[in-house]
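Novice: The opening position of the sequence shown corresponds to residue 45 in the working numbering, with each subsequent residue numbered one higher.
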Amino acid sequence: MSHLNFFIKLNWLKFKNKHFLTKKDVSKTITGFITTIILEIVAIVLIKKFFVDVYWQEHIETFAFIVPVVFLLGTLFVFSTQFFDSIKNIIPKLYKSPDLNYLVSLPISSSEVFAFKFLGYVFNSIKKSFLFALPLFIIAGMELEAGVMYYVILLPTYIFLSLIPSALGVGIGLLGLKFLSLKVFNLVLGVLNFVVSIFFWIVAFGLSDEVMEKLGLWIAGFLENEWLVDIIPITSPVTILSAALFGEYTHIIRPLLFLILISIITFVLLLRISKNSFYQGWYNSNFEKVKKKKKKRNKKQKNTKTNHKIRAFKNPVHTLVWYDWKLALRNKEMFFGVLMFVVIFFALVVAFTVNQTNLFFMVIIGIAASYFNVFAASIPLIPIELAEDKSLYKGRYWLNMIMPVKGKAIFDYSVLTILLPAYVLSVIGVIIYWLFSEINFLIILISLLIIFLVLLGNIGIQTYFELKMVDKYYNKKMGLGSVISFFLPILYHIIACGPLLLYYLKVDMGVNVKLNRINFLLANNNLLIALLFAIVIPIITIIISRNLSHKVWEKIEI
C-alpha cells in the first residue's frame, strides 16, 4: 500500500505519546508491564495449585487423548469470541473512533483507511485475549514438559487464528451496515448471538455423559482426517499446538502454512469488501433517517410552542434515574453489548436447568447475575463517545454537580439506575430455574433476597470506583486504580458467596473442599455461617461504599 509507511508512523507516534511522552508516562508503562507479568505468574500458580495438582494427576494417563479435544474447545472459544467481538465493536472501534474523522478527510482510499483501523483493532483484541489465555497454555506446556518450539509457535498460531474470525466478523458487519439500518442490524445480531450462546452453553453444561462421550469419539475420529483438519482454520491450530506439545515438529509445517494462507486470503477479501462498503456503513451508522411523526395536540397544547413533556418527581434521585433510563433506551450503539451479557446470563440459566437443578447451581446463577446483569444494566448508561475517550468522563457529571443534591443522593441515584433493571433480569432468571426444579418456594424467596444484597454490594463498589475515576487525584494513579477495581469485586464475591458455594458444593455435588488456613472464613460445613456471610458482607460493603462515595463527591472538581 502506498500510504502504509504513513500509517505505521502515525500509529507509532500515538503509541509513543501515550506511553513514553513524559517520565510519568514511562513509569506508568513500566509499572503496567511489571503488574501484567506478576498477574500472569499469580494466575499460573493459582490454576496449577487449585486445579492441576488436584485434577490433573488423576487423569494424566489419558491426557494424551484429551489434549486435542481441549485444544479444539479452546480454538472454538477463541474463534467464536473474536468473531462476535469484531461484529460488536465495528461501530465503537472502527466507525466512531476519535481519529476516524481525520483519516477519512485524507486523500487516501477507503480500503487503506480501513486496513489501518482494522489491524490496530485486531492487535489490541489479540493482546487482551492472549494475556487471558496465556496461563493455560503455559501450564499445559509445563506439565507435559514441552520443548522450546511449543512456546515459539504459540504466539503466531494465536495471531493467525484470531485474524480469521475478526476479518469474517468485520466483513459481515460492513455488509450488514451497508444494507441495514443500525436498529435492524443490532436486532439481527442479537438474535444470532442468542442462538449461538444457547447452543454453546447447552453443549458445555446441558448434555448427558453418554452424549458427551459420543461427541468426544466423533471429534477424535474427525481429527484423524489429516488433510481436512489441516485446511480448516478452526482445527489446524489443534494440530500445530498438539504436534509442538508432543515434539512432532514435522507435523507443524503443513497446517501452519494453510493457516497463514487462509488468513492472508481472508484479509485480502475483506479489503475488497471494504472498498465498496466502508464509507456507506460509516454513513449509515452515523446519520440515521429521522421519520417525522405528526402529533395531534389537545386543546391545552394548541397555544403552546411545544408539546414536549418534562417528567419530574418529588425526589430528585427518582428524576435522575428516570432520565438516565430514557437516555439508555436511545443509546442504540451499545445495544449489542447489552444483549450479549443478557444472553450469556439466560443461556447459563437454561443450561443449568437442562442439566440438573439444585442449590449449588442456584448459587452460581446468583453470582453470574451479580456480574453479567450489572454489566448489562451499566453499558447503555455510557455514551459511545465516553467509552472511547475516558478523558470526557467528567462531563457526564457536570449536570449533577450543579443540582441541589448531596454526594449520598448521587450515590443512591447511580446505584438505583443499575440495580433495578439488573435485579429484574435476575428475578426472571431465578423464576425460570425454579419452574423446572423442585426447590421450595421459600428457599427461592431467600435466594432472591441474597441476590438482591449481593447485587447491591457489587454495584456499590462499582459506583464508588466510577466516582474515584472522575476524581482528579485518582486519575494520577489510573493503573493502580484499574487493578484494584478489577480485583476488589472478585474478592467481594469470594468472601460473600464463597462459603455458600462451598457448602452446597459438598451437600449437592459431594465434593468436600478443605482449606485449612482460612477454614474459619469459608466455614463450608455450616449453612448458618455461610448465609450470614452472604447477608452481612453486602450490607457492610454498601454502607462503606456510600460513605466513601460521599467524601469523594465533595472533593470532585468538574
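Glycine residues also receive a C-beta, built at the ideal position from the N, C-alpha and C atoms.
Because the structure is a prediction, the values reported are computed rather than measured.
What are the start and end residues of each continuous beta strand (DSSP E) run of 3 or more residues lying completely inside the region 133-196, in chain order?
Specialist: none
Novice: Quick one: Cα of Thr461 to Cα of Ser414, how far?
Specialist: Position 417 of the sequence shown, counted from the first residue, corresponds to residue 461. Position 370 of the sequence shown, counted from the first residue, corresponds to residue 414. Thr461 and Ser414: Cα-Cα distance of roughly 15 Å.
Novice: Among residues of its own chain, excluding the 5 on either side of Ala190, which ones have a beta-carbon nearer than 6 Å to its beta-carbon?
Specialist: Taking the first residue of the sequence shown as 1, we reach residue 190 at position 146. Taken in chain order, the residues that qualify are Leu289.
Novice: Just how far apart, CA to CA, sit His352 and Trp597?
Specialist: Taking the first residue of the sequence shown as position 1, residue 352 is located at position 308. Taking the first residue of the sequence shown as position 1, residue 597 is located at position 553. Caution is warranted here: a pLDDT of 47 is assigned to His352, below 50, making its placement in the model unreliable, and the coordinate value is therefore given only provisionally. Approximately 32 Å between the Cα atoms of the pair.
Novice: Does Pro200 come out as helix, strand or coil in the three-state DSSP assignment?
Specialist: For this step, residue 200 is matched to residue 156 along the sequence shown. In this structure, Pro200 counts as helix in the three-state DSSP scheme.
Novice: Who are the Cβ neighbours of Phe396 in its own chain at under 6 Å, not counting the five residues just before and after it?
Specialist: The sequence position of residue 396 within the sequence shown is 352, counting from 1. Correct list, in chain order: Phe405.
Novice: If you pair each beta-carbon of the region 497-506 with each one of the region 577-584, do three or more pairs fall below 8 Å?
Specialist: yes
Novice: Taking C-alpha atoms, which residue in Lys512, Phe485, Tyr323 lies nearest to Ile147?
Specialist: The residue given as residue 147 occupies position 103 in the sequence shown. According to the sequence shown, residue 147 is Leu rather than Ile. It is Tyr323.
Novice: Helix, strand or coil for Asn269 per DSSP?
Specialist: As a first step, residue 269 is located in the sequence shown; it is residue number 225 there, counting from the start. If DSSP states are grouped into helix, strand and coil, Asn269 belongs with coil.
Novice: For Thr279, name the three-state secondary structure that DSSP assigns.
Specialist: For the purposes of this step, residue 279 is identified with residue 235 of the sequence shown, where counting begins at 1. Note: Thr279 maps to coil in three-state DSSP.
Novice: Could you give the distance in angstroms between the alpha-carbon of Tyr536 and the alpha-carbon of Leu373?
Specialist: Translated into the one-based positions of the sequence shown, residue 536 becomes position 492. Translated into the one-based positions of the sequence shown, residue 373 becomes position 329. So the alpha carbons of these two residues sit roughly 30 Å apart.
Novice: May I ask you to verify whether the region 162-177 touches the region 265-272, counting CB pairs closer than 8 Å and requiring at least 3?
Specialist: Taking 8 Å as the limit for Cβ pairs, the verdict is that the region 265-272 does not touch the region 162-177.
Novice: What separation, rounded to the nearest whole angstrom, lies between the Cα atoms of Leu464 and Phe50?
Specialist: As a first step, residue 464 must be located in the sequence shown, where it is residue number 420. As a first step, residue 50 must be located in the sequence shown, where it is residue number 6. Distance between the alpha carbons of Leu464 and Phe50: 49 Å.
Novice: Taking a contact to mean a Cβ-Cβ separation below 9 Å, would you say Val387 touches Leu469 in this structure?
Specialist: Mapped onto the sequence shown, residue 387 falls at position 343. Mapped onto the sequence shown, residue 469 falls at position 425. For Val387 and Leu469, no; Cβs fall outside 9 Å.
Novice: Three or more C-beta pairs under 8 Å: does that hold for the region 129-149 against the region 287-305?
Specialist: no
Novice: Candidates Gly215, Phe167, Asn145, Ile472: which alpha carbon is nearest Ile495's?
Specialist: Residue numbering aside, residue 495 sits at position 451 when the sequence shown is read from its first letter. Comparing Cα positions, the closest option is Ile472.
Novice: For Lys222 versus Asn145, is the C-beta distance shorter than 9 Å?
Specialist: Within the sequence shown, the letter at position 178 stands for residue 222. Within the sequence shown, the letter at position 101 stands for residue 145. Contact flag unset, no.
Novice: Quick one: is Pro142 buried, meaning 16 or more other Cβ sit within 10 Å of its Cβ, or exposed?
Specialist: Within the sequence shown, numbered from 1, the residue matching residue 142 stands at position 98. Flag for Pro142 reads exposed.
Novice: Under the assumption that Ile197 contacts Ile296 (Cβ atoms under 8 Å), give the Cβ distance between them as a whole number of angstroms.
Specialist: For this step, residue 197 is matched to residue 153 along the sequence shown. For this step, residue 296 is matched to residue 252 along the sequence shown. So it is a contact: roughly 6 Å between Cβ atoms.
Novice: In its own chain, which residues sit with a C-beta less than 7 Å from the C-beta of Leu545, not counting the 5 before and 5 after it?
Specialist: Along the sequence shown, read from residue 1 onward, the residue named residue 545 stands at position 501. Cβ within range, chain order: Val407.
Novice: Specify whether the region 205-224 and the region 303-321 touch according to this definition: at least 3 beta carbon pairs, one from each stretch, less than 8 Å apart.
Specialist: yes
Novice: Report the residue from Lys452, Phe128, Ala287 whose alpha carbon sits nearest the alpha carbon of Val192.
Specialist: Along the sequence shown, read from residue 1 onward, the residue named residue 192 stands at position 148. Checking every option, the nearest Cα to that of Val192 belongs to Ala287.
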